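Undergrad: Take a look at the following structure, please.
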Amino acid sequence: ATPGSGHVFADLIANDRPNKIAAPYTLDRFRTGLLIDEHGAAGVAH
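Residue 37 in our numbering sits at position 37 of the sequence shown, and the numbers go up by one each step.
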């Protein structure tokens with residue numbers, strides 16, 4: 001995940017706009033209640 005996040009962060013700095021991969025992860029999602037599907041994020045079922 002570290003190389004991918006570095007690539008997305010570098011794109012943000014270079015272009016002064018969120019990368020399309022990172023766009024759903026803005027802090028505004030906490031205000032709006034927008035959930036992000038994370039089913040594949042854990043190695044175990046919840």
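Ideal Cβ positions, reconstructed from N, Cα and C, are used throughout, including at glycine.
Predicted, not measured: the structure shown is a model, and the values here were computed from it.
Rounded to whole angstroms, what's the CA-CA distance from D11 to Y25? Just pull it up for me.
TA: To locate residue 11, count along the sequence shown from 1; it is residue 11. To locate residue 25, count along the sequence shown from 1; it is residue 25. Their backbone Cα atoms lie some 15 Å apart in a straight line.
Undergrad: Along the alpha helix (DSSP H) that carries I13, what are the first and last residues, could you check?
TA: Walking along the sequence shown from the start, residue 13 turns up at place 13. Run containing I13: 2-15, per the alpha helix (DSSP H) assignment.
Undergrad: So, L35 versus D28, is the Cβ gap smaller than 9 Å?
TA: The residue given as residue 35 occupies position 35 in the sequence shown. The residue given as residue 28 occupies position 28 in the sequence shown. Contact flag unset, no.
Undergrad: So T26 is in the alpha helix (DSSP H); what residue range does that whole segment cover?
TA: The residue labelled residue 26 in the question sits at position 26 within the sequence shown. Taken as a continuous stretch (DSSP letters only), T26 belongs to no alpha helix (DSSP H), as it is neither H nor E.
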